[in-house]
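Residue numbers (this note's numbering), protein chains in the order written: chain A, -13 to 329; chain B, -13 to 329; chain C, -13 to 329; chain D, -13 to 329. A virtual CB, placed ideally from N, CA and C, is assigned to each residue, including glycine.
Number of protein chains: 4
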Amino acid sequence: MIRAGIVGGTGYTGVELLRLLVLHPGVDVTVVTSRSDAGMRVDAQYPSLRGLCDVSFTEPEVDALADCDVVFFATPNGTAMLMAESLLAHGVKVIDLSADFRIKDALEWSRWYGMEHACPELIAEAVYGLPEVNREQIKQARLLACPGCYPTAVQLGYLPLIERQLIDFEHLIADVKSGASGAGRKAQVPTLMSETGESFKAYAVAGHRHLPEISQGLAMMAGKPVGLTFVPHLIPMIRGIHATLYGRLTGDAEELQALYEERYAEERFVDVLPAGAQPDTRNVKGSNNCQIAIHQPQGKDTVVVLAVIDNLVKGAAGQAVQNMNLMCGLDESVGLDIVALYP
Amino acid sequence: MIRAGIVGGTGYTGVELLRLLVLHPGVDVTVVTSRSDAGMRVDAQYPSLRGLCDVSFTEPEVDALADCDVVFFATPNGTAMLMAESLLAHGVKVIDLSADFRIKDALEWSRWYGMEHACPELIAEAVYGLPEVNREQIKQARLLACPGCYPTAVQLGYLPLIERQLIDFEHLIADVKSGASGAGRKAQVPTLMSETGESFKAYAVAGHRHLPEISQGLAMMAGKPVGLTFVPHLIPMIRGIHATLYGRLTGDAEELQALYEERYAEERFVDVLPAGAQPDTRNVKGSNNCQIAIHQPQGKDTVVVLAVIDNLVKGAAGQAVQNMNLMCGLDESVGLDIVALYP
Amino acid sequence: MIRAGIVGGTGYTGVELLRLLVLHPGVDVTVVTSRSDAGMRVDAQYPSLRGLCDVSFTEPEVDALADCDVVFFATPNGTAMLMAESLLAHGVKVIDLSADFRIKDALEWSRWYGMEHACPELIAEAVYGLPEVNREQIKQARLLACPGCYPTAVQLGYLPLIERQLIDFEHLIADVKSGASGAGRKAQVPTLMSETGESFKAYAVAGHRHLPEISQGLAMMAGKPVGLTFVPHLIPMIRGIHATLYGRLTGDAEELQALYEERYAEERFVDVLPAGAQPDTRNVKGSNNCQIAIHQPQGKDTVVVLAVIDNLVKGAAGQAVQNMNLMCGLDESVGLDIVALYP
Amino acid sequence: MIRAGIVGGTGYTGVELLRLLVLHPGVDVTVVTSRSDAGMRVDAQYPSLRGLCDVSFTEPEVDALADCDVVFFATPNGTAMLMAESLLAHGVKVIDLSADFRIKDALEWSRWYGMEHACPELIAEAVYGLPEVNREQIKQARLLACPGCYPTAVQLGYLPLIERQLIDFEHLIADVKSGASGAGRKAQVPTLMSETGESFKAYAVAGHRHLPEISQGLAMMAGKPVGLTFVPHLIPMIRGIHATLYGRLTGDAEELQALYEERYAEERFVDVLPAGAQPDTRNVKGSNNCQIAIHQPQGKDTVVVLAVIDNLVKGAAGQAVQNMNLMCGLDESVGLDIVALYP
């Protein structure tokens, strides 16, 4: 059994990791830390786990975590970079769900995240955990940077088009919408029910922190820099991301449906819908799936890709477990056989 | 492997049965019927099942269903009573999620359901499928009547108080609230998003069809008739039932918390919360659990019980699978190890 | 023109007062205070008011407020009691939407609100602002205590039955449900979209602060103490309260519908629905109406009253404006001709 | 007083017209028709109107409607074109909220709406009712075609950029999101609470009926054909449209904020937000306003316009009343002084 620790167990990605790991047949969750709730039983905070999780929150200390085989960081940005080095030194595999190791350029990271990077020497080693792009590296990784929720949906949506150089890289437009759980479980006015419910808005249009991460990922696929306009929006619901991606075709477009189907034929968690379909976030709610459709409206040269994920699963905790499976030599889908909760 | 059939696979209880059964390790879903969608792949109608279910809807014919070991009816009221006898004659176990076999008095049934009962001779044999009350009978059943969603929550909530004769049976008040999925997946104006969203109302105050079912169940627990005021309400959400139950204490109330904990100590799917807690429907969303709390506000003689379930799981498909497990000699919880989807 | 000030303009009752007052033909809003947002334009904080409100938030100072004819307190509990005396001394009418002057017994108030009352000598003078009960006193009031949202719905629902002594006063049960805006516009986890959305729960079952206020009001109607079990619940929506009220009939019940219609025949903001109807919170959303229906299910001795209001209008700001109209000699409904926003 | 009739009073645009017209100081609603509800009081169907509307639904007959000064069609497509001619012949002004007279090319109209146009000779006379574009024509109109909801938001958003020829007309991208009330009040599965709630999807990506209307409108502004990719989405809420519009700048962009402010300086119902702001649909909920913001993310050549309206007000009934005011010589904003319902 893999001994797993979770640092930052009181946020939504933390409790989502618990939802997946307490039923994972190869994992034993031994440590769950939370500064604010140390000493409290986990299932007292999260009654959905009653009967399935008998650990209590502890302070985040390296000594206790060093006994784990794998430690997940479900912390705010800036925490994993302080503890990763010690844990690695103890032979612990580190899977970071925060943004600390996603951006390869430490200065760029600092500009977007507003702090100096505490551990820039580890950035190069960190593997970006998008299995559909770099599965082999993930299998060898000691330190894994889990992609952000928006970046997961946008990269999976654009991947076949960009790998095959079929669209104009300089004018990509990603109009993406997310449920409110993406904003996390913190006391704040803007995501109150009375503020977010029955309303819809764009935010961070001038520049969202996921922009450099997406641009970096797309540039690696393209083999050159890309120009991306990324507009995130807040949907009055809890879970789900819907990416509507636009690109101008430069090459032959006749086989787009087949291109997507082939690219993802072997991918367990990416599902290309039949031609003409339009994915709905409810069909991936609670599951680790990404459902994708590709359209070319009116036969014109603008292609439209629709991609949906559950931001807390394929966009966070589920993808982290998928990466853990790969890093630990398990089958990639262990613990992730989940049917989306419809309706 | 148990060969299972589902009659009426296009409603919410039908697709919820599929969600549970496609991952059930002891079941193979071989037939799913739907008059309206016959010929269509199930996962074309329900993309949440893509990759997990490769059957197509067929017409509801006895011949095909007769090859099953178990057949679930997830049909409107009035269908199961037409087919149950033939299936039983073929040795098929029948689990009815509709109301056809819940009420023991056929005339009473006719009054509430507005049609004559087509098969009154089977009513006596049908076992009412609330395992916490009559597990042993369920194990022997050929024909099982699954409780309604409201009746499940109300009966589990009142059970310990009534069994122990602690409250005035003549003036029970059940103020119960349900999400919109309880109204089913049928085209109608009142449960449109624009009608049900952002609003709250009581309905069927003069008399809801679940009233005689609840009264019958409580009377059996009490050993005599009960007087019940039952007011159902519609919550602007999809899944979940919250029952707020009131009763006037006639006996000693000091040990109510202990009473509930003891009564349900061995029950895998009924969870008595710690004293002072208040259950939240989100903590059972997608799971087969019932969470219960008991309060005696201000120390007065009115006791308040709070009970929550997911109407589609413990209130329908999950309880049906629990019953199937019992009827087929499996462990009661196989296929039902699910953590509620929070948030 | 009445010069009106609002203390505490950044909460939901504050902005709701502004919604009503900026279009009120007899009122000029001259001062809006907010410690946190002083200096900011009101319509920068609340873009719904752009073009209709050109004042800026100021610090809450008596000097500026003393120029007003009427000052509304839309503040947390404990603020109005510190400023009311000075404002009254300047000849300003004070309308308090918080709880400071609702409870006539200062010790009782302290027990429920957890602080000593700073101004107990004014409590006796304060008039409780439920126009349907004490309109004449309101017209003469200098200091008005606006009822809480739950108390408004419960008292209007029970009023005819209790005035006429038709039910058992010792065992009243009020099962009441509120939208999330009742919890106010403050940063906190429990009313985040991801916590409150798609879920339903009871809270404060052991004792809610509105319990003594309701009990006091019902006792005044009854002419003797009442025994009340009050269970509030949180609905996953923004606006609206639905009270489901239970009582055991002691007298003749045949004319309940007529009783309610007669009692409220002259009331502009209380609307008794036709026999058999069930009110829906959406039909009063944004309006100052209370819609009520009375039922006697199955002809038994338990009567069920259903009453709905918009918690921010008839339950707060609308009722405050209604009271202001009365106190200032205007027609009671000026500025309150609003059709509910359906759908 | 203007005598107004409403044909098709049972849909959401019909009841929204009633919400506005019953309080309009210059209008008397004399006829409301509904085939399905003829004979029923309007306020029995819509309790939000109790006390404000004492008419009953009648059959849609020209004789009765001919007594009106203005008749609004809030009907499904294909009805207004059958009755408009007779009403005009009686001197009645006709305001059509359906699509019958929006498209100037009758064949194009037939292709998108799937029926032959019954009255093509009137199409040329019909004035397209977007006052910000053609107010003077509206004042003279006998037959007015109210714009669709999506077209209103998209055209107002693009208008200044296109009039000034600042963007590439061949590759416009309109990613637009609507609440569920846009789908109307008809019994159907896809907009049930359990289908639409807690989910998000794109629809009609291959071609939505509003595409030719938007293209026609933009082409008139541009003076030449435009190439538009229009992707509508369904938001899990009731009211509101959010348009996110993309364009590639071809000219000088430095003064975009000033350009928008100047273009709309005199427009009562179009509100350009301060630089950097992002509009939220809740801030126009229930009001006739369109709030707009213009962004140029990262200083690149892709401009992003955000525009929000309430689909039932500025996108339907409110704009219809605005047009009526113009056609009848009233001030444009009479009856439309409404503060959005926040929260």
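Can you list the residues of chain B that residue i reaches, using a CB-CB cut of under 8 Å?
i	result
residue 2 of chain D	Neighbours of residue 2 of chain D on chain B: none; closest Cβ ~11 Å, over 8 Å.
residue -2 of chain D	180
Short of 7 Å in beta carbon distance, which residues of its chain neighbour residue i, apart from the five on each side in sequence? Order them along the chain.
i	result
residue 61 of chain C	-7, -6, 84
residue 63 of chain C	84, 85, 86, 99
residue 243 of chain B	261, 280
residue -2 of chain D	167, 170, 171, 298
residue 79 of chain C	55, 56, 128, 313
At a CB-CB cut-off below 7 Å, which residues of chain D make contact with residue i?
i	result
residue 328 of chain C	1, 32, 34
residue 309 of chain C	Those within 7 Å of residue 309 of chain C in chain D number zero; the least Cβ separation is about 20 Å.
residue 161 of chain A	161, 230
Please report the straight-line C-alpha distance between residue i and residue j, rounded to a whole angstrom.
i	j	result
residue 207 of chain B	residue 119 of chain B	9 Å
residue -9 of chain C	residue 34 of chain B	55 Å
residue 59 of chain D	residue 178 of chain C	41 Å
residue 232 of chain B	residue 288 of chain B	7 Å
residue 110 of chain A	residue 72 of chain A	17 Å
residue 81 of chain A	residue 321 of chain A	17 Å
residue 50 of chain C	residue 10 of chain D	37 Å
residue 317 of chain D	residue 192 of chain A	39 Å
residue 140 of chain B	residue 5 of chain B	25 Å
residue 252 of chain B	residue 189 of chain B	36 Å
residue 125 of chain C	residue 314 of chain C	7 Å
residue 45 of chain A	residue 2 of chain A	20 Å
residue 236 of chain C	residue 138 of chain B	32 Å
residue 216 of chain D	residue 282 of chain A	11 Å
residue 303 of chain C	residue 28 of chain C	17 Å
residue 309 of chain B	residue 7 of chain B	13 Å
residue 48 of chain A	residue -11 of chain A	15 Å
residue 39 of chain D	residue 196 of chain A	52 Å
With a threshold of 6 Å on Cβ separation, who are the neighbours of residue i within its own chain once the five nearest residues in sequence on each side are excluded?
i	result
residue 20 of chain B	-5, -4, 43
Can you pull the chain B residues whose beta carbon is under 9 Å from the beta carbon of residue i, in chain order?
i	result
residue 277 of chain A	33, 36
residue 97 of chain C	Correct list: empty, because the minimum Cβ distance to chain B is about 13 Å.
Since residue i meets chain C, which of its residues come closer than 7 Å, beta carbon to beta carbon?
i	result
residue 8 of chain D	325
Listing by chain order, which chain C residues have their CB less than 8 Å from the CB of residue i?
i	result
residue 286 of chain B	213, 215
residue 272 of chain D	272, 327
Cutting at 8 Å between CB atoms, please list the residues of its own chain near residue i, excluding the five before and the five after it.
i	result
residue 212 of chain C	148, 155, 156, 158, 201, 204, 205
residue 403 of chain D	Since the first and last residues shown for chain D are -13 and 329, residue 403 of chain D lies out of range.
residue 265 of chain B	228, 259, 277, 278, 279, 292, 293, 294
residue 326 of chain A	268, 269, 270, 271, 272, 273, 275, 296
residue 67 of chain D	86, 87, 103, 104, 105, 108
What residues of chain B sit near residue i, judged by a beta carbon separation below 7 Å?
i	result
residue 5 of chain A	325
What does residue i reach in chain D if we use C-beta pairs closer than 9 Å?
i	result
residue 292 of chain A	187, 188, 191, 217
task: May I have a chain-ordered list of the beta strand (DSSP E) segments no shorter than 3 residues that lie completely inside the stretch 186 to 247 of chain B?
output: 214 to 220, 227 to 234
- prompt: Listed from N- to C-terminal order along the chain, which residues in the stretch 164 to 190 of chain D have their beta-carbon within a distance smaller than 7 Å of any beta-carbon of chain B?
  reply: 166, 167, 171, 173, 174, 175, 177, 178, 179, 180, 182, 183, 184
- prompt: Going along the stretch 216 to 241 of chain C in order, which residues come within less than 8 Å of chain A, judged by CB to CB distance?
  reply: 222, 223, 224
task: Note down, one range per segment and in chain order, each alpha helix (DSSP H) of at least 4 residues found wholly within the stretch 89 to 146 of chain A.
output: 92 to 99, 117 to 126
query: In chain order, what residues of the stretch 129 to 155 of chain B put their CB closer than 9 Å to some CB of chain C?
result: none
message: Beta carbons nearer than 8 Å to chain B: which residues of the stretch 61 to 93 of chain A have them?
response: none
query: Which residues, in order along the stretch 245 to 264 of chain A, keep a beta-carbon less than 8 Å from a beta-carbon of chain D?
result: 262, 264
field: beta strand (DSSP E) runs wholly inside the stretch 12 to 39 of chain B, at least 3 long, in chain order
entry: 13 to 19
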